[in-house]
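Participant: Below is one structure. I have some questions about it.
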Amino acid sequence: MTKVNIVIIDDHQLFREGVKRILDFEPTFEVVAEGDDGDEAARIVEHYHPDVVIMDINMPNVNGVEATKQLVELYPESKVIILSIHDDENYVTHALKTGARGYLLKEMDADTLIEAVKVVADGGSYLHPKVTHNLVNEFRRLATSGVSAHPQHEVYPEIRRPLHILTRRECEVLQMLADGKSNRGIGESLFISEKTVKNHVSNILQKMNVNDRTQAVVVAIKNGWVEMR
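Quick note: the sequence shown uses full-length UniProt numbering, first residue 1, plus one each step.
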């Protein structure tokens, strides 16, 4: 199996060690280097050529967003996942605009971290489920603002489930992705295993011809396939 070489840059040593410990459980992952500030990022990437860089957003000298911007300018193929305590959409969009491929909250569980690294290493993008939910809410706010000065007269579009390409169960999973649920949360809601959820998500991505769950949610919103609640 092809190894995914990973660099972790975070100024909190205990947190960095915890992330490394989780990644070490995945046989295809290898943490090849660590750093404790954004100003080390370019030097480390130049030396180790990692597949994925996991970068803390808040660091003392050069923060994660600025370091990501510098990395992408020097090495356009860099695949950076930002770690943050901030779930505000402004932080997320700013990080993505500078070139980050992923955005995880530090409250993530081990499965979310592993899934994010796999998706980003394969060329996709990954947002923490809670962040996805917040972005959907912001999209809904922008889409409905100014429609009517009298909410009671607003007309909401009918939700057209994509049954022409997805099964009913896959439609349910797609809706829960838009709701910001993790694979574990979806499994608990539908009383199915996480493995089954992952299979459903893979089928959804393939049928919708998208690379990752974030793209799937964006396409679903644009087509009116999910409720924005």
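The beta carbon of each residue, even a glycine, is placed where N, CA and C say it ideally should be.
Once the 5 residues before and after V155 are set aside, which same chain residues still bring their CB inside 7 angstroms of it?
Facilitator: Because the pLDDT at V155 is just 44, under 50, the model does not fix this residue reliably, and the value given afterwards should be weighed accordingly. For V155, where only same-chain residues beyond five positions count, there are no Cβ hits under 7 angstroms.
Participant: Given that a residue counts as buried once 16 or more other Cβ atoms are within 10 Å of its Cβ, and exposed if not, what is S193?
Facilitator: Result: exposed.
Participant: Please report how far the alpha carbon of L127 lies from the alpha carbon of A100, in whole angstroms.
Facilitator: Taking the straight line joining both Cα atoms gives about 10 angstroms.
Participant: Based on the DSSP secondary-structure assignment, which residues constitute the bridge partners of S84?
Facilitator: Beta-bridge pairing links S84 to L105.
Participant: Within its chain, find whatever has a CB closer than 7 angstroms to the CB of H153; leave out the 5 residues flanking it on each side and keep chain order.
Facilitator: With a pLDDT of only 44 at H153, under the threshold of 50, the placement of this residue in the model should not be trusted, and no figure is reported.
Participant: Does the distance from the C-beta atom of E30 to that of I57 stay below 8 angstroms?
Facilitator: Result no, Cβ atoms of E30 and I57 do not sit closer than 8 angstroms.
Participant: By DSSP's criteria, A33 is part of a beta bridge. Which residues make up the other side?
Facilitator: Answer by DSSP bridge pairing, in chain order: V7.
Participant: Are the CB atoms of H133 and D179 within a distance shorter than 8 angstroms?
Facilitator: For D179 and H133, yes; Cβs fall inside 8 angstroms.
Participant: Leaving out five residues before and five after G185 in sequence, what residues of the same chain have Cβ atoms less than 8 angstroms from its Cβ?
Facilitator: Closer than 8 angstroms at Cβ, skipping near neighbours: P129, M176.
Participant: Which residues in the same chain as K3 place their Cβ atom closer than 7 angstroms to its Cβ, once the five residues preceding and following it in sequence are excluded?
Facilitator: Answer for K3: T28, E30, listed in chain order.
Participant: Would a C-beta distance cut-off of 8 angstroms place K69 and T98 closer than the cut-off?
Facilitator: Yes. Within cutoff.
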